[in-house]
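To start, the structure under review is shown below, and the notes come after it.
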Amino acid sequence: MHSIRPARPDDLPAISAICIAAFNEAVAASLSAQGVATFMQVASASAFAGRLPGDNHILVAEQDSEIVGVVELKEGRHLAMLFVDPACQGQGIGHALFQAVLPQLRAPAMSVRASLNAVPTYQRYGFVIDGEVGEYNGLVYQPLTLAAP
């Protein structure tokens, strides 16, 4: 069983490690070196530390006192991160994190720039494709939007 709580500064190394492990397993091979480097910067513990006190809502999922997942909602409207430890995927943790962040939505819709492999997951959550595949500093993404519940 897992529990969900707000992220704390001492969680940041574990949060970063989960994001990087999931990214390396599912996404990295499909991107350029620049895309991988961009992600590593955004997912570093120091980058999370810079965002934690800002207008970003970061939640973690814990299982047996270990962090197994993270979700980050930026400015109450943009899903910036949603990652689950590769060893714990398929247990509903990502969906639980997604559900837990919904009450923090402060806009008529939530946007996400999903890696291409994650598009079917976001569509299961109710997101719809919203535009063409794009690229930012080597990160290839599909914009999707979810109308607020």
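If you count by the numbering used here, then the sequence shown holds residues 282 to 430, one letter each, in order.
Virtual Cβ for every residue (Gly too), placed ideally from N, Cα, C.
These figures come from a predicted structure and were not determined experimentally.
Where the beta strand (DSSP E) through residue i begins and ends
i, result
"M321", "That residue, M321, is in no beta strand (DSSP E); its alpha helix (DSSP H) goes A314 to V323."
"G415", "G415 to Y417"
Cα-Cα separation between residue i and residue j, rounded to whole angstroms
i, j, result
"A400", "Q423", "Sequence check: residue 400 is Val here, not Ala. If you take the alpha carbons of V400 and Q423, they lie about 7 Å apart."
"G357", "S313", "30 Å"
"A429", "D336", "19 Å"
"E413", "N305", "24 Å"
"A324", "I301", "7 Å"
"D366", "A309", "15 Å"
"D291", "I348", "11 Å"
CB contact flag (residue i, residue j, <8 Å)
i, j, result
"H338", "S392", "no"
"A288", "L333", "yes"
"N398", "A298", "no"
"A390", "L427", "yes"
"L425", "T319", "no"
"G350", "F364", "yes"
"I285", "A368", "no"
"V382", "V352", "yes"
Start-to-end residues for the alpha helix (DSSP H) that takes in residue i
i, result
"V421", "It is not in any alpha helix (DSSP H) - V421 instead sits in the beta strand (DSSP E) that spans L420 to A428."
"Q404", "V400 to R405"
"S382", "Residue 382 is actually Val in this sequence, not Ser. Unbroken alpha helix (DSSP H) run through V382: I374 to V382."
Residue closest to residue i, alpha-carbon to alpha-carbon, out of the options
i, options, result
"S311", "L425, E416, A324 and Q344", "E416"
"Q344", "A395, P290, A303 and M282", "M282"
"P294", "A326, Q322 and Y406", "A326"
"G371", "A303, P290 and D292", "A303"
"S396", "Q385, G373 and A361", "A361"
- Along the chain, which unbroken stretches of the alpha helix (DSSP H) at least 4 residues long are found entirely within the segment 284-364? Listed in chain order, the complete alpha helix (DSSP H) runs (minimum 4 residues) inside the segment 284-364 are 293-307, 314-323 and 326-332.
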